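Q:
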Amino acid sequence: MTVVRISDDALARAGGADKLAAAFEKKGCEVQRTSSWGMHWLEPLVEIDGKGFGPATLDDVDAILDGSSDKAIGTIEEHPFIATQTRITFKRAGKTRPLSLEDYEATGGWAGLKRARQIGSEAIVEEVKHSGLRGRGGAGFPTGIKWDTVMKAPGPKKDIVCNADEGDSGTFADRMAMEGDPFALIEGMAIAGEAVGADQGYIYLRSEYPDAIRKLNAALDLCADIIAPFKCEVRVGAGAYVCGEETSLLNSLEGKRGEVRAKPPLPALEGFLGRPTVVNNVLSLQAVPHILMEGGAEQYKNAGFGRSRGTMPIQLAGNIKHGGLYEVGFGITLGELVSDIGGDTASGRPVKAVQVGGPLGAYIHPDQFDIEFDYETYTAAEALIGHGGVTVFDDTADMLEMARFAMEFCSIESCGKCTPCRIGSVRGLEILDRIREGGRERDVIELAPQMHNTKKDAGCDAGDEIGLLTDLCETMKFGSLCALGGFTPYPVMSALRQWPEDFGSNPEMVQQTLEKGLG
Amino acid sequence: MSDKSDVLGAIIARQHHREGPLLPILNDVQAELGCIDAESEALIARGLNISRADVHGVVSFYHDYKPKADARPVLQICRAEACKARGVEQLIKAASNAAGERVKIETVYCLGLCSAGPSARTGDDLHIRLDEQAIIKLVENA
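So the protein sequences, as listed, match chains A and B.
Each residue of the first sequence is one higher than the last, beginning at 379 in our numbering.
Each residue of the second sequence is one higher than the last, beginning at 337 in our numbering.
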């Protein structure tokens, strides 16, 4: 009997994978539902004897079975998109059935946890430190040091919290990891528990990911005995972007408004319900089982670049021809990612801008495509890697509109705790609207003779407004409590700096204002 | 005892043993009753021995919780950056026209299908690679 493998990842299902699977079953094939290879432009991808066909529709079923399909892409593992990757975190992607314990064990599952239990907590933390693993949520904080802090923190009860509130647009690696390899995340959490002395884990998962919620719950039921005495449960969020910030997430988990907490105290010392808590992103925890395998830490460390060790699951999204998940060691340039691997835009038009790092990441101009993927290099270029999302825009994008959206998004999702973010985002939105209108005239109140301290001139031109926006962004960047308000200036200012022509009829004026502001 | 207090009582009994039980309770109430109104807030507050203000503060913070039930079918359209880059904004007008008063169109920020947008969600079903025709069809079938 022909064995047909089709992904049951949410994206493949949204593309019609369920109907396709049913059609193959009707033809008498054995259908195995696996995780996704990550080649999203080819989903739903049908795999028979290692050879791929995609994107497949119901009309292709007969042709695929008799070998005459024009959707054939050859052997999947030899496809350039897959063959050029270094897959560690996603080593099982496309190869195993997500909820099959048998598949998981056959591909090295639970080996990391078994070894961790033998070597004990201090040795685990040492190995994680040695691997150079840094938090994949965005901040890039060394995971081993965080664990060390929690391990040494006094307290009768500690917790492991997995931040699975992947709200950034242009990112989906957490979703794919949870749906495609849920046991690896659970194993990573159990190892973290072993390392710091915690017996309870929480996965805070956003409500926008129904498939991931279902699969993780099913996986937890299946492996409860294996991870025992460690216990773990899924907690579903309620549609607040800011809950991806770790302190806000902890408040939400405690059943409070998802407002950001001031740090210190660090969550590592006073986290969930005041207890020492490890808060790690899905991808950080997902990398742990591999690192804890014999020789895994060394192998992980050897991929990478500068102080960014290991691999980064990069997500190619937006207007890109070959979108999907691309895991590779740090150091790859943006140009290679977007043009060589991504095949430039899906629309066929020239690339205008690339936003790296989600809604709070800077817009990068094609002139800067030689920038290497590395935490420090991006920080030096006033940009951020964040969660590794790369969103491509073609030349129809209006960068003033995108800057405006960044402010609007911040105003909608702000938790309201600190003023620069709560009010600054609304003011920023208004300023950007005025820039589009070319400035504003003085209003009746300002012109009233009783208002002694207002100017009675003709009003603000676009240049004045840009000066104001620069000043506001400076305040938000340094005055906000968390990254939401603090990083919203990145997309706004990078758009303004690099596409001044989108911000009014006089790009030189924009440049001059910016230089004046910086001086 | 009204139906509502029975439903709420069952939910609270099921969830209150958890550490930080409020969000799991609110998620269940929203799912089962379609909204979290003042009456529910008061009952939850009494059940957990916290103030109504505490409960209301949490309910009003999160986008998923609605103060009033809306029986209409909902189409959630992602309008975040990646879907914008793939042209979701050009579809909004057609979707709204097709929806009229019958279907509720909501904006979400990111369904995690960013390489294959524009994307949308109805119930637990996800939809990708939408164009004008496809989104109108989604609205009509909602």
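Think of the CB as a built atom: it goes at the ideal place given N, C-alpha and C, for glycine as much as any other residue.
Note that the structure is a prediction, hence the values are computed from the model and not measured.
If I measure Cβ to Cβ from Gly897/A and keep anything under 7 Å in the same chain, skipping five residues before and after, which residues do I get?
A: Translated into the one-based positions of the first sequence, residue 897/A becomes position 519. For Gly897/A, the predicted structure reports a pLDDT of 42, less than 50, and the residue's modelled location is therefore unreliable. A value from the coordinates is still provided. There are no such residues.
Q: Going by beta carbon distance, what residues of the same chain come within less than 6 Å of Gly533/A, once the five residues before and after it are set aside?
A: Reading the first sequence from its first residue, position 155 is the one you call residue 533/A. Cβ neighbours of Gly533/A beyond the five flanking positions: Arg653 and Pro654.
Q: On a CA-only basis, which of Val439/A, Gly558/A, Ala568/A and His418/A is nearest Leu491/A? Give me that one, please.
A: As a first step, residue 491/A is located in the first sequence; it is residue number 113 there, counting from the start. Distance from the Cα of Leu491/A is smallest, within the candidate group Val439/A, Gly558/A, Ala568/A and His418/A, for Ala568/A.
Q: Taking the alpha helix (DSSP H) that Cys419/B belongs to, which residues open and close that run?
A: Taking the first residue of the second sequence as 1, we reach residue 419/B at position 83. That run of the alpha helix (DSSP H) goes Glu417 to Ala421.
Q: Output the residue ranges of the beta strand (DSSP E) runs that lie fully inside the segment 526 to 611 of chain A and measure 3 residues or longer, sorted by chain position.
A: 537 to 542 and 578 to 583
Q: Is the beta carbon of Glu425/A closer than 8 Å to that of Leu389/A?
A: Within the first sequence, residue 389/A is the residue found at index 11, counting from 1. Within the first sequence, residue 425/A is the residue found at index 47, counting from 1. Not closer than 8 Å, so no.
Q: If you draw a straight line from the alpha carbon of Met829/A to that of Leu449/B, how long is it in whole angstroms?
A: Indexing the first sequence from 1 puts residue 829/A at position 451. Indexing the second sequence from 1 puts residue 449/B at position 113. Answer to the nearest angstrom: the Cα atoms are 53 Å apart.
Q: So, do the segment 623 to 638 of chain A and the segment 356 to 363 of chain B have three or more beta carbon pairs nearer to each other than 8 Å?
A: yes
Q: Might you give, ordered along the chain, the residues of its own chain that have their beta carbon closer than 8 Å to the beta carbon of Asp400/B, omitting 5 neighbours on each side?
A: Taking the first residue of the second sequence as 1, we reach residue 400/B at position 64. Here the set comprises Asn363 and Gln366.
Q: Taking the alpha carbon of Asp772/A as the reference point, which residue from Ile742/A, Ser789/A, Arg727/A and Ser446/A has its own alpha carbon closest?
A: Working through the first sequence from its first residue, we reach residue 772/A at position 394. Taking only the C-alpha atoms, the option nearest Asp772/A is Arg727/A.
Q: Count the other CB atoms within 10 Å of the CB of Gly498/A; is the residue buried (16 or more) or exposed (fewer)?
A: Numbered from 1 along the first sequence, position 120 holds the residue referred to as residue 498/A. The residue is exposed, with fewer than 16 neighbouring Cβ atoms inside 10 Å.
Q: Between which two residues does the alpha helix (DSSP H) harbouring Ala367/B extend?
A: In the second sequence, counting from the first residue as 1, residue 367/B sits at position 31. Run containing Ala367/B: Leu358 to Leu369, per the alpha helix (DSSP H) assignment.
Q: Which runs of the alpha helix (DSSP H) spanning at least 4 residues fall entirely within the segment 388 to 465 of chain A, listed in chain order?
A: Listed in chain order, the complete alpha helix (DSSP H) runs (minimum 4 residues) inside the segment 388 to 465 of chain A are 388 to 392, 395 to 404, 439 to 444 and 458 to 461.
Q: What are the boundary residues of the beta strand (DSSP E) that Thr723/A is part of?
A: Within the first sequence, numbered from 1, the residue matching residue 723/A stands at position 345. Counting along the chain, Thr723/A falls outside any beta strand (DSSP E), and DSSP gives it neither H nor E.
Q: Given a cut-off of 8 Å on the beta-carbon distance, is the pair Val656/A and Ala570/A in contact?
A: As a working note, residue 656/A is residue 278 in the first sequence. As a working note, residue 570/A is residue 192 in the first sequence. Against a cut-off of 8 Å, the Cβ pair of Ala570/A and Val656/A comes out as a contact.
Q: Using 8 Å as the Cβ pair cut-off and three pairs as the minimum, do the segment 382 to 401 of chain B and the segment 426 to 437 of chain B touch?
A: Touching, no, given that fewer than three Cβ pairs across the two stretches are closer than 8 Å.
Q: Comparing the C-beta of Cys450/B with each C-beta of chain A, is any distance below 8 Å?
A: Position 114 of the second sequence, counted from the start, is the residue given in the question as residue 450/B. It does: the Cβ of Cys450/B has a partner Cβ on chain A nearer than 8 Å.
Q: When we look at the beta-carbon of Arg408/B and count the other beta-carbons within 10 Å, is it buried (16 or more) or exposed?
A: The sequence position of residue 408/B within the second sequence is 72, counting from 1. Flag for Arg408/B reads exposed.
Q: Consider the Cβ of Asn697/A: report whether some Cβ of chain B lies at a distance smaller than 8 Å.
A: Residue numbering aside, residue 697/A sits at position 319 when the first sequence is read from its first letter. It does: the Cβ of Asn697/A has a partner Cβ on chain B nearer than 8 Å.
Q: Would you call the CB atoms of Gln463/A and Glu705/A closer than 8 Å?
A: The residue given as residue 463/A occupies position 85 in the first sequence. The residue given as residue 705/A occupies position 327 in the first sequence. Closer than 8 Å, so yes.
Q: Quick one: what's Ala456/B bridged to in DSSP?
A: Here residue 456/B corresponds to residue number 120 of the second sequence, with the count starting at 1. Bridge partners of Ala456/B: Ile413/B and His463/B.
Q: How big is the Cα-Cα spacing for Ser587/A and Val822/A?
A: Along the first sequence, read from residue 1 onward, the residue named residue 587/A stands at position 209. Along the first sequence, read from residue 1 onward, the residue named residue 822/A stands at position 444. Per the sequence shown, residue 587/A should be read as Tyr rather than Ser. Computed Cα separation, rounded: 50 Å.
Q: Spatial neighbours of Gly416/A within its chain, please: C-beta separation below 6 Å, excluding the five flanking residues on both sides.
A: Counting from one through the first sequence, the residue named residue 416/A turns up at place 38. Here the set comprises Ala471, Gly702 and Leu703.
Q: Distance cutoff 8 Å, beta carbons only. Does Cys446/B sit that close to anything in chain A?
A: Taking the first residue of the second sequence as position 1, residue 446/B is located at position 110. By this cut-off, Cys446/B is an interface position.
Q: Bridge partners for Val657/A per DSSP, in chain order?
A: In the first sequence, residue 657/A corresponds to position 279, counting from 1. In DSSP, Val657/A forms a bridge with Val539/A.
Q: Kindly list, in the order they appear in chain A, the residues whose Cβ is closer than 8 Å to that of Val394/B.
A: What you label residue 394/B is simply residue 58 of the second sequence in a count that begins at 1. What Val394/B touches in chain A: Gly633, Lys634 and Arg635.
Q: Going by other Cβ atoms of all chains shown within 10 Å of its Cβ, with 16 needed for buried, is Leu651/A buried or exposed?
A: As a first step, residue 651/A must be located in the first sequence, where it is residue number 273. Classification of Leu651/A: exposed, given that the 10 Å Cβ count is below 16.
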